[in-house]
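First residue of the sequence shown: 1, per the UniProt record's numbering; consecutive thereafter. Quick reminder that beta carbons are idealized off the backbone N, C-alpha and C, glycines included. This report refers to the structure that appears directly beneath it.
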Amino acid sequence: MKAILMTAAGAPNVLQLADVNEPTIQSPTEILVRLRAAGINPIDTKLRSRGTFQPDRLPSILGCDGAGIVEAIGADVTKFKVGDAVYFCNGGLGSHQGNYAELTTIDEKFAAHKPQSLSFEEAAAAPLVLLTAWEALYDRGRLDASASAHVLIHAGAGGVGHVAIQLAKLRGAKVATTIGSEAKARFVRGVGADLAIAYKQTDFVEAAIAWTNGEGVSLAFDTVGGKLIEQTFPAVQVYGDIITILEPPADISWKVARTRNLRFSFELMLTPMLLGRVDLQVHQSNILTECAQLFDSGKLKIHVSEVFQLADATKAHQLLETGSITGKLVLTI
């Protein structure tokens, strides 16, 4: 089969199109999927540049997100049949083959039926960002429909951000988000944001405080990292929540967060895969099943900015690393 191999850690040109052996079903609960599309995420570019979690297994196939058609099933598979369309976040970290390929295998417990209303490219763009936003807001942030929350989401036009806006609105929250251009302001308003803060011209803390009548937001969700984590502390109300998907810098000052008694949480949706926690991977597939219903009922949408051919994975990585993407990038296979 055709696949994109990461031959070494380095620049995007370490990604090479190659012929490799087709994967085969190794356990009775696995399914073989003919991939139709693979999502591209920042974790892919980070692993490519610094090395996978299993560096001794190079060359490696990247790509956590996938969508395709079930081509064969193990003897004990009950959830899917041949011909079913599926989507999932699995593999691509170095231990199990990723989805920049024509075929892959996955345990049936970790896959979900593809939303009928989405193309394969849209479906492949969705899993990682859906799970990240869902876990951050609903699990870590305990966002409740009865709370009338005010939520600040950084980089709302990004892959995680634009999904997080929608999930927050589904729980009845008022949503503010930071954006870098008028085009992105229009985009985030289109997915439900109540307030678009042009952070290059406006102090987002002052804007958030004014928006909440001096209180601060009840929950802030950081998808950018760096010093922005610390800069966000004063925008959060006393006893509020702040959640980040990035590691805080070593020189961060926690004084404001401590004084305001903020609850700080990390969100890493890769944890179940990294730790081999089957129970948590099953939980994530259940989230994808619930999200499929939201897509098909028109309550949720995913924005694909650009679709690349499999052979153009290098170009896709180069574009993603510019940091200015609206929504998601996808490989079509």
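Item to check | Close beta carbons around residue 307, own chain, < 6 Å, minus the five adjacent residues each side | outcome: 121, 330 and 332
Item to check | The beta strand (DSSP E) enclosing residue 293, as first and last residue numbers | outcome: Counting along the chain, residue 293 falls outside any beta strand (DSSP E), though it belongs to the alpha helix (DSSP H) covering 278-296.
Checklist entry - Assuming residue 250 and residue 152 make a contact with CB atoms under 8 Å, what is their CB distance in whole Å? => result Contact flag wrong, Cβ pair sits at about 24 Å.
Item to check | Segment limits, beta strand (DSSP E) that includes residue 6 | outcome: 2-6
Checklist entry - Could you give the distance in angstroms between the alpha-carbon of residue 205 and the alpha-carbon of residue 80? => result 48 Å
Next on the checklist: DSSP three-state label for residue 159, please.
Outcome noted: helix
Item to check | residue 266, DSSP secondary structure in three states | outcome: strand
Item to check | Spatially closest choice to residue 252 from 272, 28, 228 and 262, by CA coordinates | outcome: 228
Checklist entry - Taking the C-alpha atoms as reference points, what is the distance between residue 246 and residue 132? => result 12 Å
Checklist entry - Closest to residue 104 by CA distance: which of 297, 224, 21 and 129 is it? => result 21
Checklist entry - Looking at the unbroken alpha helix (DSSP H) that takes in residue 49, where does it start and where does it end? => result 42-50
Checklist entry - Does the Cβ-Cβ distance between residue 176 and residue 195 come in under 7 Å? => result yes
Checklist entry - Roughly how many angstroms lie between the CA atoms of residue 327 and residue 184, to the nearest whole one? => result 10 Å
Item to check | Alpha-carbon spacing of residue 31 relative to residue 107, whole angstroms | outcome: 6 Å
Item to check | Selection from 255, 73, 89 and 214 that minimises the alpha carbon distance to residue 83 | outcome: 73
Checklist entry - Is residue 139 helix, strand or coil by DSSP? => result helix
Checklist entry - Identify the residues that DSSP records as bridge partners of residue 60: which are they? => result 6
Checklist entry - Where do the ends of the alpha helix (DSSP H) carrying residue 173 lie? => result Run containing residue 173: none; DSSP gives neither H nor E here.
Checklist entry - When DSSP builds the beta bridges, which residues end up paired with residue 150? => result 174
Checklist entry - Which of helix, strand or coil does DSSP assign to residue 258? => result helix
Checklist entry - Can the beta-carbon of residue 86 be found closer than 7 Å to that of residue 129? => result no
Item to check | Environment of residue 334 [buried if 16+ CB atoms lie within 10 Å] | outcome: No answer is possible for residue 334: it lies beyond the span of the chain, which begins at 1 and ends at 333.
Next on the checklist: Could you check whether residue 111 and residue 67 sit closer than 7 Å to each other, using their CB atoms as the reference points?
Outcome noted: no
Item to check | Beta-bridge pairing of residue 113 - partner residues as DSSP gives them | outcome: 86
Next on the checklist: Quick check on the DSSP output: the alpha helix (DSSP H) that includes residue 221 runs from which residue to which?
Outcome noted: Element bounds for residue 221: not the alpha helix (DSSP H) but the beta strand (DSSP E), 217-222.
Checklist entry - So, does the CB of residue 175 fall closer than 7 Å to a CB anywhere in chain D? => result Any reference to chain D falls outside this structure, which holds one protein chain only.
Item to check | Secondary structure of residue 125, DSSP reduced to three states | outcome: helix
Next on the checklist: For a test of the three-state rule: what should DSSP assign to residue 322, helix, strand or coil?
Outcome noted: coil
Next on the checklist: I'd like to check one pair, residue 137 with residue 295: are the Cβ atoms closer than 7 Å?
Outcome noted: no
Next on the checklist: Assuming the contact rule is C-beta atoms closer than 8 Å, residue 232 and residue 220 should be a hit. Round their C-beta distance to whole Å, please.
Outcome noted: 5 Å
Checklist entry - Three-state secondary structure (DSSP) at residue 77? => result coil
Checklist entry - Hey, residue 76 and residue 41 are a contact pair by Cβ (cut 8 Å); roughly how many whole angstroms apart? => result In fact, because the Cβ distance is near 31 Å, the residues do not count as touching under 8 Å.
Item to check | Other residues of its chain near residue 200: CB distance less than 8 Å, five sequence neighbours each side excluded | outcome: 180
Next on the checklist: Please report the distance separating the alpha-carbon of residue 336 from that of residue 281.
Outcome noted: The shown model of the chain, from 1 to 333, leaves out residue 336, and the question about it has no answer.
Item to check | Contact under 7 Å by Cβ, residue 100 with residue 63 | outcome: yes
Item to check | Element boundaries [alpha helix (DSSP H), containing residue 106] | outcome: Taken as a continuous stretch (DSSP letters only), residue 106 belongs to no alpha helix (DSSP H), being part of the beta strand (DSSP E) at 103-107.
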